[in-house]
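Peer 1:
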Amino acid sequence: MDDRTQTLLTKYFRNLALATGKENDNVRAKVAWSLAQEFLNRFTGLPVSFSDMQFSLRRFFAEKFPFADSIELKEAGENLIEAKILRCCFRDANWILNNEYGLTICPVSPIFVFAFSRGFNTSSNLISARETDTGCIMQFSIGRTMCNCDQV
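Quick note on my numbering: the sequence shown kicks off at 264 and runs consecutively.
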């Protein structure tokens, strides 16, 4: 992405987050849920394997929501998944918003939470996120199997 495009996106995301104010988290969640639903509709059966999830998420983001140059998922221990995002277009806008206003515009962590929860048929939560020079590294817990409410 060229500098002009990055600058425009950064300003747009900042203004969007400021305009939505307290509703910002709801907007992020709605965007994330919409993308996660589109992603999960690709599967004929759930739950899926980690390798299926990893391959499918990379492909989905590249085709439908190319916010970063690279997304790397790995199992980081028992019940932990690490997502490493490289050259993320949200990074600069998110950094400014978080430091100046305590807001975030990034819908990526909720997308992972929704996709992991539904795809693995278990609970999932973001447990840590830290910025890197060009993106971030997030860790998600993967919990116990939840009730399959479709069969109740």
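Every residue, glycine too, gets a C-beta built ideally from N, C-alpha and C.
Curious, which full-length alpha helix (DSSP H) runs of at least 4 residues does the region 343–379 contain?
Peer 2: As far as the region 343–379 is concerned, its whole alpha helix (DSSP H) runs of at least 4 residues are 354–364.
Peer 1: With burial defined as no fewer than 16 other Cβ atoms inside 10 Å of the residue's Cβ, what is the status of GLN414: buried or exposed?
Peer 2: In the sequence shown, counting from the first residue as 1, residue 414 sits at position 151. Because GLN414 sits at a pLDDT of 40, beneath the cut-off of 50, its placement in the model cannot be relied upon, and the following sentence gives the value as read from the coordinates. By the 10 Å Cβ count, GLN414 comes out exposed.
Peer 1: Which residues in the same chain have their Cβ closer than 7 Å to the Cβ of ALA292, if we skip the five residues on either side of it in sequence?
Peer 2: Sequence index remark: in the sequence shown, residue 292 carries index 29 (1-based). PRO373.
Peer 1: What does the Cβ neighbour count give for ASN362, buried or exposed, with the cut at 16 atoms within 10 Å?
Peer 2: Along the sequence shown, one-based indexing puts residue 362 at 99. Result: exposed.
Peer 1: How many Å lie between THR367 and ILE348 at the Cα?
Peer 2: Numbered from its first residue, the sequence shown carries residue 367 at position 104. Numbered from its first residue, the sequence shown carries residue 348 at position 85. Near 16 Å, if we compare the C-alpha coordinates of ILE348 and THR367.
Peer 1: Would you call the region 336–355 and the region 385–399 touching, i.e. three or more CB-CB distances under 8 Å?
Peer 2: The region 336–355 vs the region 385–399: in contact.
Peer 1: How many angstroms separate the CA atom of ARG321 from the CA atom of ALA378?
Peer 2: Stepping through the sequence shown from its first residue, residue 321 is reached at position 58. Stepping through the sequence shown from its first residue, residue 378 is reached at position 115. Distance between the alpha carbons of ARG321 and ALA378: 12 Å.
Peer 1: Ignore the nearest five residues each way along the sequence and tell me which others in SER387's own chain have a CB closer than 6 Å to its CB.
Peer 2: As a position in the sequence shown, residue 387 is number 124, starting the count at 1. If we look at SER387 and ignore the five residues flanking it on each side, its Cβ neighbours are VAL376, PHE379, SER380, PHE403 and ILE405.
Peer 1: With 16 as the cutoff for other CB atoms within 10 Å, does LEU298 come out buried or exposed?
Peer 2: On the sequence shown, position 35 is the one that residue 298 refers to. Buried, because 16 or more other Cβ atoms sit within 10 Å of the Cβ of LEU298.
Peer 1: Could you say which of ARG350, LYS327 and SER314 lies nearest to LYS337 if we only look at CA atoms?
Peer 2: Start at 1 with the first residue of the sequence shown, and residue 337 comes out as number 74. Nearest of ARG350, LYS327 and SER314 to LYS337, Cα basis: SER314.
Peer 1: Would THR273 be called buried (16 or more neighbouring beta carbons within 10 Å of its own) or exposed?
Peer 2: The count along the sequence shown starts at 1 and reaches residue 273 at position 10. Counting Cβ neighbours within 10 Å, THR273 comes out buried, since at least 16 surround it.
Peer 1: Count the other C-beta atoms from every protein chain shown that fall within 10 angstroms of the C-beta of PHE318, then say buried if there are 16 or more, exposed otherwise.
Peer 2: Taking the sequence shown and counting its residues from 1, the one referred to as residue 318 is at position 55. Counting Cβ neighbours within 10 Å, PHE318 comes out exposed, since fewer than 16 surround it.
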